[in-house]
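Using the UniProt record's numbering, read the sequence shown as starting at 1 and increasing by one per residue.
Virtual Cβ for every residue (Gly too), placed ideally from N, Cα, C.
First up is the structure itself, then whatever we jot down about it.
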Amino acid sequence: MTSEILVNVTPMETRVALVENGAVQEVYIERSQTRGIVGNIYKGKVVRVLPGMQAAFVDIGLERAAFIHASDIDHDRTDHESHKPIQSLVREGQALVVQVIKDPIGTKGARLTTALSIPSRYLVFMPASNHIGVSQRIDGEEERDRLKKLVDHTKTLEEIEQGGFILRTAAEGVGEGEIRSDMNYLKRVFRVLQERMTENEPATMIYEDLPLFLRVARDMIRVDVEKIRIDSKETFVKVQDFVTKYTPEVVDLFEYYPGERPVFDLFAVEDEISRALSRKVELKSGGYLIIDQTEAMTTIDVNTGAFVGHRNLEETIFKTNLEAVSAICRQLRLRNLGGIIILDFIDMEDEEHRRQVHRMLEKHLERDHAKSKVTGVSELGLVEMTRKRTRESLEHVLTENCSVCQGKGRQKTAQTICYEVFREILREERAYNNDQYLVLASQSVVDRLLDEESSNVADLEEFIGKPIRFQVEPMYTQEQFDVILQ
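Below is the structure:
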C-alpha cells in the first residue's frame, strides 16, 4: 500500500488529506480562527467540584469551563484499586496544570487530564511517570525490547531522572542518535514549561501544540508514505526548516506543489469532502449505506439496493455486507466519526458469514489511527463499536443545523400547515370578535389553501360567518404563518 499526503494552505485554513492507493482516507481541517486545542497545556483554576459526578470544572481561559474526571487526576492507583474521591484530589480555587485530551464538542467543554505528555517525532515524554512503553503498532518482541533498552540507556546518558517515555510507531528501526536528539528537544520544551508553570497566572496557556502543517511532519509520516505535497511556498519553507532541524531523514518526502490545478483536485478530494457530508454512500455493487449522526451515537445502515446477485439471496447479502465493511471503515476515517457507532448489516443466517464479516471489520480497522472496540455480529446483524473521538467530525466542522428545520432534517407538509391555520382561525374566533381574517403564509401553503383545501376554506368561512383572505409572504418558510385579525 502506498500513501501520499496533500497539504492545502490558505490564510484562513489549512487542510490535509491522506490518500492511500489513490483514494482519500482521512481529511484534517484547521481554521485560523478556531484551531483545535487537543495537546495544549494550561495552568487552570478549579472553579467547581462535583462530588456526585466525581469530577470538577476548570477555568483554562476559554469561553466554557473545561471538565476533568477524578480518574484523570488520580494516576497513582493500580487498576483494581478504587479512585480517591474528587474532594480529596482538588478544591475550588486551586491552581492545576492540565492538558486537553478532547476538544470542546457541541455544548460540552474540553476534557482534561493532569497526566501531561509532550510528543516529538519518535517519543512521547510523560513528566509524571517513569514508565517506558512501546507503541502497540510495533509488533516484533525483539524490536520492542531493543527500543526499551535504547531509551533506558539514552535516558541515563542524558541524565534525565524525571519522566517516562513512550516510543511511537515511527521509532521502529531508529538508532541512538535519533532517540538522543528527540530527548534533548523534549528536555528543552519541558524546561520552558516548568518556568511557565511557576510564573504564569491561572487560566492561561503554557504550551501550545504545533499547527496542523507541522503536525503532519511530526505525526503522520509512516513507512508507506511516499510523498507529501504542499501547495504554499511559504509553508513549504517552514516545514523544511522544522524537518531539517528535528527529522532530517524524512526531508526528501516533502515537495512544493506549484501546479495550476489545485492540489486537492489531483485526487478529487473536494468531491470526496462533498460526498462525506451526504447521508447516502453508494456501493459499487448497487447497494448503499445510510449514515446518521445524532448527539448520542452514529448509526450506519447497510442496504442491498439494486444489487440482486447471481446465485442466491444469502450469497448476495454476504457480498453486500463484505463490500459495506470496506466502505464503512473508510467513512469512519474520512468523516472522523467517534463515540458509540451502531452498524446495521443485512441479516445473515450463516454463522460463518457473520464471523467473516466481523474478521474483515477488525482487519480494516487496524489501519485506523483512532482506537476502536468492536463487538461481534449479532443475530440481527448489528455490530456495536466505539471509536475514540478527540475532535469534531467533518460534518460538525463544515456544517451547521438548518435554521428552518433546526437539525431535524424534515419539515411539516403544506397540508399539515393548512390544518394548523384552520385551528388557529377557530381559536382566534372564540377569543375575539373580528370582521375578517388575513392569513400570511409561504407560497406552497397559500397555493394549497386556494386549491386542494378550497372547499375546507369555504366550509370554515360559512361556519364562522367571516371572510378569510390569503397573502403570500416570500420570506416565510413552509412552517411559518400568521393569522391577522381585521
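Bridge partner(s) assigned by DSSP for residue i
| i | result |
| --- | --- |
| alanine 56 | Val49 and Ile68 |
| methionine 475 | Methionine 475 is not bridged to any residue. |
| serine 3 | Glu20 and Val225 |
| glutamate 249 | DSSP output for glutamate 249 lists no bridge partner at all. |
| residue 487 | Residue 487 falls outside the range modelled here, since the chain spans only 1 to 486, and no answer is possible. |
| methionine 205 | Tyr42 |
| lysine 102 | Arg111 |
| phenylalanine 254 | Ile228 |
| isoleucine 468 | Tyr437 |
| glutamate 26 | Leu18 |
| glutamate 13 | Arg31 |
| asparagine 8 | Arg15 |
Own chain, CB closer than 6 Å to residue i, minus 5 neighbours either side, in chain order
| i | result |
| --- | --- |
| proline 11 | none |
| valine 124 | Ser117 and Ile166 |
| asparagine 8 | Arg15, Asp231, Val263 and Phe264 |
| leucine 337 | Thr298 and Ser393 |
| valine 269 | Ala17 and Val24 |
| arginine 389 | Gly338 and Gly339 |
| leucine 313 | none |
| phenylalanine 236 | Ile230 and Tyr256 |
Residue i: first and last residue of the uninterrupted alpha helix (DSSP H) it sits in
| i | result |
| --- | --- |
| aspartate 145 | 141–157 |
| phenylalanine 463 | 454–464 |
| aspartate 182 | 176–199 |
| serine 135 | Counting along the chain, serine 135 falls outside any alpha helix (DSSP H), and DSSP gives it neither H nor E. |
| lysine 233 | 233–246 |
| glutamate 92 | It is not in any alpha helix (DSSP H) - glutamate 92 carries neither H nor E in the DSSP assignment. |
| glutamate 272 | 269–275 |
| leucine 449 | 443–450 |
Pick from the options that is closest to residue i, judged by C-alpha positions
| i | options | result |
| --- | --- | --- |
| leucine 485 | Phe254, Arg469 and Ala296 | Arg469 |
| glycine 465 | Glu30, Leu426 and Arg448 | Leu426 |
| threonine 320 | Leu337, Val302, Arg330 and Asn336 | Val302 |
| isoleucine 230 | Ser454, Tyr256, Thr316 and Gly36 | Tyr256 |
| phenylalanine 57 | Phe67, Ile132 and Asp344 | Phe67 |
| lysine 238 | Leu210, Gly259 and Phe264 | Leu210 |
| valine 174 | Phe213, Gly164, Val90 and Arg121 | Arg121 |
| methionine 205 | Ile60, Lys412 and Glu461 | Ile60 |
| histidine 364 | Lys233, Arg333 and Phe242 | Arg333 |
| lysine 45 | Ser3, Gln33, Glu92 and Lys84 | Glu92 |
| glutamine 436 | Val483, Glu260 and Glu158 | Val483 |
| residue 575 | Ala170, Asp350, Leu50 and Glu323 | This structure does not reach residue 575, given that the chain is present from 1 up to 486, and the question cannot be answered. |
| leucine 440 | Cys418, Ala370 and Arg261 | Cys418 |
| isoleucine 5 | Lys102, Asp219 and Thr107 | Asp219 |
| lysine 245 | Thr413, Asn184, Glu428 and Glu159 | Asn184 |
| leucine 438 | Val457, Asp451 and Glu452 | Val457 |
| leucine 112 | His358, Gly39, Arg261 and Val225 | Gly39 |
| glutamine 54 | Ile41, Leu89, Leu449 and Gly305 | Leu89 |
| arginine 48 | Gln33, Gly36 and His69 | His69 |
| proline 51 | Ile37, Tyr28, Ile86 and Leu62 | Ile86 |
| valine 325 | Ala296, Asp350, Leu283 and Gly305 | Leu283 |
Cut-off 7 Å between Cβ atoms - residues of its own chain near residue i, not counting five sequence neighbours on either side
| i | result |
| --- | --- |
| tyrosine 432 | Leu485 |
| histidine 80 | Residue placement at histidine 80 is flagged as unreliable, the pLDDT there being 47, under the threshold of 50; a coordinate-derived value is accordingly withheld. |
| lysine 43 | Ala95, Val97, Met197, Asn200, Pro202, Thr204 and Ile206 |
| arginine 64 | Pro104 and Gly109 |
| proline 467 | Gln436 and Glu461 |
| aspartate 182 | Ser120, Arg121, Tyr122 and Leu123 |
| glutamate 395 | Leu277, Gln293 and Arg335 |
| asparagine 21 | Met1 and Thr2 |
| glycine 381 | Asp344, Phe345, Ile346, Asp347 and Met348 |
| aspartate 241 | none |
| isoleucine 132 | Lys148, Val151, Asp152, Gly164 and Phe165 |
Boundaries of the beta strand (DSSP E) in which residue i is found, first to last residue
| i | result |
| --- | --- |
| phenylalanine 165 | 164–167 |
| phenylalanine 213 | Unbroken run through phenylalanine 213 is the alpha helix (DSSP H), 212–215; no beta strand (DSSP E). |
| leucine 485 | 481–485 |
| valine 124 | 123–126 |
| leucine 343 | 339–344 |
Proximal residues to residue i (C-beta, below 8 Å), its chain only, five neighbours per side dropped
| i | result |
| --- | --- |
| alanine 115 | Asp72, His75, Gln99, Met126, Ala128 and Ser129 |
| glutamine 443 | Val472 and Pro474 |
| glutamine 331 | Ala276, Val281, Leu289, Ile291, Ile300 and Leu337 |
| phenylalanine 190 | Ile118, Phe125, Pro127 and Gly163 |
| glutamate 362 | Val374 |
| glutamate 249 | Glu178 |
Proximity test, residue i beta-carbon vs the ligand FMN heavy atom, cut-off 7 Å
| i | result |
| --- | --- |
| serine 454 | No copy of the ligand FMN occurs in the structure displayed, which carries no ligand at all. |
Proximity test, Cβ basis, 8 Å: residue i and chain B
| i | result |
| --- | --- |
| glutamate 315 | No chain B appears in this structure, which consists of one protein chain only. |
Practice task
Mind listing, in chain order, the continuous beta strand (DSSP E) runs of no fewer than 3 residues lying wholly within the segment 278–319?
Solution key: 280–282, 288–293 and 297–303
Handout entry: Inside the segment 363–417 only - alpha helix (DSSP H) runs reaching at least 4 residues
Key = 394–398
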